[in-house]
Every structure is written in C-alpha cells, then in structure tokens.
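Asks: Please see the structure below; I have some questions.
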Amino acid sequence: MLVGGMALTCESQGWSGPKELHGEYIEGSYKSHQVPLPNAKTDHLEREMLQSWLRSYNPRELFGSDGVPNSSILSVIPKVECKRLGMREEAYRAYTPLDVPDWRKFVVRKGTLQSCMQVTGEFLDAVAQQNPHSFRVFSPDELVSNKLDAVLRHSGRNFQWDIASRASGGRVIEILSEHTCQGMLQGYTLTGRTGLFPSYEAFLGIVDTMMVQYAKFVKTAAEVPWRQPMGSLNYVETRAEGVGGDAREHNGFSHQNPAFIGAVLNLKPQSARVYLPPDANCFLSTMAHCLRAKNYVNLMVGSKHPSPVWLTPEEADEHCIAGASVWKFASTHEGMTPDVVLVGIGVEVTFEVIAAAALLQREIPALRVRVVNVTDLMILGRYGSHPHALSDGGFDSLFTCHRPVIFNYHGYPAELKVSLRFSFLTALETLTWWAPLQGLLFGRPNMDRMTINGYAEEGTTTSPFMMQLLNGTSRYDIAAQAVRAAAMHNPRVEIDAHTTISRVLHLAQKDKEYILEYGADPAGTFDVPKFE
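Count the sequence shown with my numbering and you get residues -8 to 523, in order.
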C-alpha cells in the first residue's frame, strides 16, 4: 500500500551560482559553502559575476518598479492574515499550558525502596491521558530501559510510517537518534506543546549544541515584544549505575558521562535549571514543576534503580521549594553546631553521604555532623548570579560560615569549584586531573573550607559500589575526609583521628578485595543506614 510519495533531485553544491573564479571551481566545491564572491565590493570581475548571478533570477518578472511583488505572487498569499506563514499563531502565540495532575496522588511511602523512574512513569501516564493533544515523550529507544514504560499503559508508540500505529493517538515517539528526538522536541515545543526527552546521561551530550542553539533562540525571542512565552525543554537524565542495582552493571563506565549538566549550567541564568531530586517523591514534585514551567531548559537527573524514599510527600514538597535543606534524621544533634557539613547532590552520592554519617556515628561519636541535601543545583551560585541563588545568609544557614563542607556531587567537581588541578587521596588511590573552570561556588566566601567529590572519569564493568570507590565518592572517602577536617578544631576527634581514618580505609580495602573476588558488592552494602 502506498503511504506517501517523495521527489528527490541531486544537484551540485552551489547550483545556479558562479561556476568558477580565478581558475578555481566554485559550483560543486566547498568554496560555494559560504561567500563565493568575497571581494565583490572592490573587485570589478567579482562584481560583474555577482550582478550576472542575481539577474539570472529575472527579478523584473517578479517585482514592479516600486519593488512590490507582482500579482501572480500576491495571488497565492492567503487573504486571511492569520493563515499567512509569518502570521500563524503557532509560530509566536501557541502555548497551551498542560493540565498537570496532582503529583501527590502518585507518591510513595517514606522508608520504602522505589525507582524514581518507575514512580514518575505512573505520573507521566496520567499526564498523557489528560493532555492527549499537547504532550509527547521523545525517546531514543530507551523508555523501557529507563523504566518509564508505565506511560505506555494508556498510550502506544506512534510510528508515523507504521500503518498499525500511526494516527492512533500515541504519545510516545521512539527512534534511536538523539538529534532527531531533539529536533522533534524543539518543533513540538515551539508550536505550543510540551515534550519530555528521557535518556542516559552518556548520550544526551549528542544534542549539546542543538540545545544551546535553541536556548539562544529562546533568549532572543524573549526580547521581542510580540513573541509570547512557550513551554520548556524538559530532559530526564539517568545513569546505569544505581544504589544496589545489578551485581555487575554491564553498562557501567560507558554509560557514565554527566557533562550535559555542565552544558545546561553554561546557559544564561534565565534559561538554565538543573535538578537532582534525591528520591521518588522529590522527583515527582520536580517533574510536575518542570512540566508547568515556561521558557526554561530543565534538566532532571535521577535513578532508574530502586533507592530509599527519604522524605514524606510533605517533606519532599518543602524540600523542593527550598532547593536544599538540612536532613536532621541523618545529622548529629539535628545538625546543630556541626564540626563538618556533608552535602549530597544526586541519588547515589546522597546515599553514600548518609551511609558516611551513619559510619561516623558508630566509629567516632564525638564528631558532630550536619547532613545537607541539595536538589536545585542553581541555589549554590553566588547571590545575584542566578534567580535561584541563595543569599549569603541563606547559604550560611545551610553550610555554616566557617565549618568544613564536603560536597558529594553526581557530576564533575569542576562544575562546583574552580581549580586548575584536582588531586586528592581516595579510599583506593590518588586521583589527579586538570579542570581550568569557574564553578557554581565561585564567589562564595571561605571557599578554602570546601571539598568537592564528584565523577572523576573512573570506572569499568564492575559493581555499583566499586564505581563509588573508584571515583572517590564512597562513604569511606567521605568519612575519612570528615575526620581529617573535624580534627582541626575538635580535640576529641583529633586524638583518635589517625586510628579512625586507618580503620575506615581498611574497610574500603576489604570491600574492594571482596568485589574483585566475587564480582558483586558485599551483602548489606546498600541496606538503608540506621541512626540511633
């Protein structure tokens, strides 16, 4: 059955332009790509060639002496203004806000283990049902792999050329081509609808430059009075490694590349939004917010693997509104007067922060710890650098104004702190790399008290916890750093610091040996930490 037709022509590059100049071919060569006659203003030969080229289009047959197109051209322009190409409302005033369901109807119980993606998939299923003509998911063939397939419960995939599925209302388009998904997402958004692009973090970088060019357009469009707001570009990013997950993740190292975070951070502040919700309830709240937002580039970073639900729906809502908060349940003395502040930014690394806090409570009770989670990355920037950036007072209320702060971050450390050379001792080895970048925290006072752990481009096909050990983001790395930092001003910690650090690093080495021998993490590695 014939489902469509297409006429193809094969023409030379620069067809109809100058054939050659000064003995070199222009038509059919790379020289036709930009300005084939660069000196037409001063060179008589080039100016004559330009005139001949332009006259070949017979402009006198198309325009009158006053420059107005002739009647044959004007006759094809629609009489009704709103039907003219440049006047179509879809091009400048088409945005239709989504009917976003109440995310609280999809929440999960605090203390359970839940996949952020699976829970969010249930929510997206409802979004698709309530918005059958204004919401789509564009996925590079990873919807099931990323555990968002619940969205298919009431809506199939829409393959335009497939007779069985086309024009059936499918809200999901899957094609293994990230740049094609990006192009469709942009077109869908520009014409008033709202889309979602989920993918693994290693592959979103394929569309970096497309995303940046789109953000440039949005910035310019916002400066034009007749252009109305449009929906946001919404990305969901996951990593193959999880809290627990498979015994040996076959896509571990190859599927880790958080560089897309940096690409979004480099956008203008009015566009950039990066969220790293720590659990399923926070992810629901964040997703609902992003689907309602206008004119942003929203990046949501989560995990497809089951992980602890740390917060109730009410706590999650409060946490997401604030962008960060002190987690009193994991802190000593509810976080009051800490010796050191431990900060988690991202699902897996936050688990390690909480595990480190529990380890420190057992190993060295005299050390006072405050645990902070950051879900809105943009709050960290110096005050005034971003609409979400905390005031100095707000920043100090979370991180104190003088105590050491240890960040355990999902992405590259340089995205938070500027340094020409990173070098630190992990639980396994010394990691060193160069990163001449200015991070989010640049401009905050007392930066010398801050330590940044993050993805150090280390890994292999191994267990989830080994990936944390290799990158210096494990509970043992954090605990050792915390003891070193606290020993500088707490004598009760200082006196036992050496023996405590040695014991912690020994535990790390034992776990490494176990993983190398058995190919899996030791039993209990990802049990939810308990506090007295």
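From the three backbone atoms N, C-alpha and C, an ideal C-beta is built for every residue, glycine too.
#1: Specify, as a first and last residue, the run of the beta strand (DSSP E) that TYR226 falls within.
#2: Just to check my reading of the structure: THR111 and LEU275 have Cβ atoms closer than 8 Å, yes? What is that Cβ distance to the nearest angstrom?
#3: Are there 16 or more other CB atoms within 10 angstroms of the CB of SER100, so buried, or fewer, so exposed?
#4: Between ASN272, THR453, MET278, which has its C-alpha nearest ALA307's C-alpha?
#5: Hey, quick one: how far does the alpha helix (DSSP H) through GLN25 stretch, first residue to last?
#6: Cα separation between PRO9 and ASP57?
#7: Return the residue from the list HIS296, THR490, GLY463 that minimises the CA-CA distance to GLU354.
#8: Would you check if there are 3 or more beta carbon pairs closer than 8 Å linking the region 253 to 263 to the region 68 to 88?
#9: Alpha carbon to alpha carbon, what distance is there between LYS22 and LYS32?
#10: Can you tell me whether DSSP reads ARG283 as helix, strand or coil?
#11: Hey, out of VAL300, MET369, GLY372, whose CA is closest to GLU339's CA?
#12: Among the residues of its own chain, which have a CB less than 6 Å from the CB of PRO520, if the five just before and after it don't count?
#13: At the level of alpha carbons, what is the spacing between TRP424 and TYR403?
#14: For LEU258, which of helix, strand or coil comes out of DSSP?
#15: Got a sec? Which residues, its chain only, sit under 8 Å from ASN437 by beta carbon, not counting five neighbours each side?
#16: Excluding the 5 residues flanking ALA193 on each side, which residues of the same chain have their C-beta closer than 6 Å to its C-beta?
#17: I believe PRO189 touches ASN137 by the beta-carbon criterion, under 8 Å. Please report the beta-carbon distance rounded to the nearest angstrom.
#18: Please work out which residues of its chain come closer than 7 Å, Cβ to Cβ, to PRO220, disregarding the five sequence neighbours upstream and downstream, and give them in chain order.
#19: Using a Cβ-Cβ cutoff of less than 8 Å, which residues in the same chain neighbour PRO60 once the five nearest sequence positions on both sides are dropped?
#20: Rounding to the nearest angstrom, what Cα-Cα distance links TRP510 and TYR446 in this structure?
#21: Starting from the C-beta of GLN120, find all residues in its chain whose C-beta is less than 6 Å away, skip the five residues before and the five after it, and write them out in chain order.
#22: Buried or exposed: where does ALA470 fall if 16 or more other Cβ atoms within 10 Å of its Cβ makes it buried?
#23: CB VAL484 to CB PHE390, shorter than 8 Å?
#24: With DSSP as the reference, identify every bridge partner of PRO340, one or two as the case may be.
#25: Kindly list the residues whose CB is nearer than 8 Å to the CB of CYS73, restricted to its own chain and excluding five residues on each side of it in sequence; keep chain order.
#26: Taking ARG373 as part of the beta strand (DSSP E), name the residues at either end of that continuous run.
#27: Per DSSP, what kind of secondary structure is VAL292 in: helix, strand or coil?
#28: Kindly give me the distance between the Cβ atoms of ASP387 and ALA477, rounded to whole angstroms, as I take these residues to be in contact under 8 Å.
#29: On a CA-only basis, which of MET457, TYR400, ARG435 is nearest ILE443? Give me that one, please.
#30: For MET221, which of helix, strand or coil comes out of DSSP?
#31: Out of GLU2, PRO92, PRO88, point me to the one whose CA is closest to ARG184's CA.
#32: For ILE64, count neighbouring Cβ atoms within 10 angstroms of its own Cβ and tell me buried if that reaches 16, exposed if not.
#33: Where does TYR48 land, buried or exposed, given buried means 16+ other C-beta within 10 angstroms?
#34: Just how far apart, CA to CA, sit GLN109 and GLN459?
#35: What did DSSP end up calling ILE166 once you bin it into helix, strand or coil?
#36: Starting from the Cα of ARG466, find the closest Cα among THR452, GLU449, ILE486, ILE492 and give me that residue.
Replies: By the coordinates alone:
#1: Here the beta strand (DSSP E) through TYR226 covers 224 to 229.
#2: Contact holds; Cβ gap of about 6 Å.
#3: Note that residue 100 corresponds to Arg in the displayed sequence, not to Ser. Burial call: exposed.
#4: ALA307 has its Cα closest to that of ASN272, out of ASN272, THR453, MET278.
#5: Here GLN25 belongs to no alpha helix (DSSP H), and DSSP marks it neither H nor E.
#6: Answer to the nearest angstrom: the Cα atoms are 28 Å apart.
#7: GLU354 has its Cα closest to that of THR490, out of HIS296, THR490, GLY463.
#8: Result no; under three Cβ-Cβ pairs closer than 8 Å.
#9: Using only the alpha carbons, I get a separation of about 18 Å.
#10: In this structure, ARG283 counts as helix in the three-state DSSP scheme.
#11: The option with the nearest alpha carbon to GLU339 is VAL300.
#12: In its chain, beyond the 5 residues on either side, ILE345, ALA346, ALA349 have a beta carbon closer than 6 Å to the beta carbon of PRO520.
#13: Annotation note: pLDDT 47 at TRP424 (below 50); position unreliable, no value reported.
#14: If DSSP states are grouped into helix, strand and coil, LEU258 belongs with coil.
#15: The residues are CYS392, HIS393.
#16: Cβ within range, chain order: HIS246, ASN248.
#17: Right, their Cβ atoms sit about 5 Å apart.
#18: Cβ neighbours of PRO220 beyond the five flanking positions: TYR86, LYS285, ASN286.
#19: If the five residues before and after PRO60 are omitted, its C-beta is found closer than 8 Å to the C-beta atoms of LEU53, PHE54, all from its own chain and listed in chain order.
#20: Reading off the sequence shown, one finds Gly at residue 510, where the question assumed Trp. Cα to Cα, the separation comes out at about 22 Å.
#21: Excluding positions up to five away in sequence, the list reads HIS145.
#22: Flag for ALA470 reads buried.
#23: No, Cβ-Cβ distance for VAL484 and PHE390 is not below 8 Å.
#24: Pro is not the amino acid found at residue 340; the sequence shown has Val there. Answer is none; VAL340 lacks a bridge partner.
#25: If the five residues before and after CYS73 are omitted, its C-beta is found closer than 8 Å to the C-beta atoms of ARG79, GLU80, all from its own chain and listed in chain order.
#26: ARG373 -> no beta strand (DSSP E), and no H or E assigned at all.
#27: DSSP places VAL292 in the strand class (E or B) of the three-state scheme.
#28: Not quite, the Cβ-Cβ distance comes to about 19 Å (not below 8 Å), so this is no contact.
#29: Checking every option, the nearest Cα to that of ILE443 belongs to TYR400.
#30: MET221 sits in coil when the DSSP states are folded into three classes, being neither helix nor strand.
#31: Minimum Cα distance to ARG184 is reached at PRO88.
#32: It counts as exposed.
#33: When all chains shown are included, TYR48 counts as exposed.
#34: Looking at the two C-alpha atoms, the distance is approximately 24 Å.
#35: Secondary structure at ILE166: coil, using DSSP grouped into helix, strand and coil.
#36: Of THR452, GLU449, ILE486, ILE492, the residue nearest in Cα terms is ILE492.
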